[in-house]
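Residue numbers (mature numbering (1 follows the signal peptide of the UniProt record, and there is no 0)): -26 to -1, 1 to 343.
Heads up, the beta-carbon is just placed ideally off N, CA and C, and yes, glycines get one too.
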């Protein structure tokens, strides 16, 4: 019971300090425009709920956090459709994508007339329940106007259909002179010396990311990072940045025909250099036998695990640890084996974060059985 209380207290301290929040060593700038990527920002509106539910406990926060509706309410409401977009158009194919505010299936009907009949089977569909929906249409005619309706139904069978929308396939003799459209861009995983830039386009395209400390962004004064494959979603990790600095970014997208689009200038700021050492909660020995023991501790940020041990007091921590782990975690466990029975052992634990800031515990001891 005594050990159980120690573990609960330790876990409580970790949760209180971390608050389940992302570590301070990384910053996410989120969506920079409307998105058709898997991490899109969906504009949920609590006013779309029935009046009796708008101020129900937890509903407002779930809507603000883009978590969708609770299961009980979802059974009574139909999904909402967002960002319906036609991508990857060719002479004979196209891809239609959209989002819903809750998990739902995917269906699309098409017609060459403005009146789209949705009473029959859809031309393409998926029974997978998800927030992001993508259906590819094939065997289309070149240079033809198509009209379409998409529909999504949740697990309770409540369905929502879009209004009639349209697109045109390319003509066989029509050269591709249309530049790609950058549908979304995102800055994430910002640290003191790096960041991740991601974006999506309405057709397959290569990309270049120009990163500069000056604006306007010009190539001669920028770091240039390449995305060399033709894709509709690109991710580029930019590195060798300076800490606590503002950077300006432009994205270039070029399709297979050489048509190029340049985004507007976006900005982000790198994190300051992390000089704060982890805080250690513990350590505790929670299980002792004749030849083994389990040592646990927690930290207020992700860090590795080291333990030095001796049968004499004043444990030296200058040499190689007795036990260690490179896993970056909040909760640390080290099992010691091959111990001598009825012997007192002295130990010190240590943890280092990703910036190599290190902390050591006070010396502690335990006696095997």
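Cβ-based burial, residue i [other Cβ within 10 Å; buried from 16]
i: residue 119; result: exposed
i: residue 286; result: exposed
i: residue 192; result: exposed
i: residue 154; result: buried
i: residue 316; result: exposed
i: residue 280; result: buried
i: residue 52; result: buried
i: residue 318; result: exposed
i: residue 63; result: buried
i: residue 181; result: buried
i: residue 59; result: buried
Residue i - DSSP class collapsed to helix/strand/coil
i: residue 99; result: strand
i: residue 345; result: Past the boundaries of the shown model lies residue 345; the chain is included only from -26 to 343, so the question cannot be answered.
i: residue 194; result: helix
i: residue 156; result: strand
i: residue 270; result: strand
i: residue 312; result: coil
i: residue 206; result: strand
i: residue 275; result: strand
i: residue 50; result: coil
i: residue 264; result: coil
i: residue 332; result: strand
i: residue 55; result: strand
i: residue 66; result: coil
i: residue 338; result: strand
i: residue 146; result: coil
i: residue 5; result: Here the model assigns residue 5 a pLDDT of 48, short of 50, so the residue's position is not dependable, and the following value carries that caveat. Here residue 5 sits in strand by DSSP.
i: residue 253; result: coil
Nearest neighbour of residue i, chosen from the options [CA to CA]
i: residue 200; options: 188, 179 and 219; result: 179
i: residue 100; options: 307, 141 and 111; result: 111
i: residue 320; options: 330, 289, 207 and 312; result: 289
i: residue 253; options: 243, 58, 336 and 114; result: 336
i: residue 80; options: 247, 309, 106 and 255; result: 106
i: residue 250; options: 333, 157 and 69; result: 333
i: residue 156; options: 78, 147, 144 and 206; result: 206
i: residue 57; options: 71, 134 and 67; result: 71
i: residue 132; options: 236, 76 and 308; result: 76
i: residue 67; options: 141, 93 and 91; result: 141
i: residue 143; options: 163, 158, 171 and 113; result: 113
i: residue 50; options: 93, 128 and 85; result: 128
i: residue 219; options: 169, 88 and 84; result: 169
Residue i to residue j span [Cα, whole Å]
i: residue 294; j: residue 304; result: 22 Å
i: residue 284; j: residue 104; result: 55 Å
i: residue 150; j: residue 231; result: 6 Å
i: residue 214; j: residue 167; result: 6 Å
i: residue 339; j: residue 274; result: 23 Å
i: residue 323; j: residue 136; result: 60 Å
i: residue 74; j: residue 282; result: 53 Å
Proximity below 7 Å, CB of residue i to CB of residue j
i: residue 185; j: residue 124; result: no
i: residue 329; j: residue 277; result: no
i: residue 225; j: residue 189; result: no
i: residue 65; j: residue 96; result: no
i: residue 342; j: residue 310; result: no
i: residue 176; j: residue 61; result: yes
i: residue 269; j: residue 308; result: yes
The ligand ATP heavy atom lying under 6 Å from the CB of residue i
i: residue 295; result: As presented, the structure is devoid of all ligands, the ligand ATP included, so that no description of it is given.
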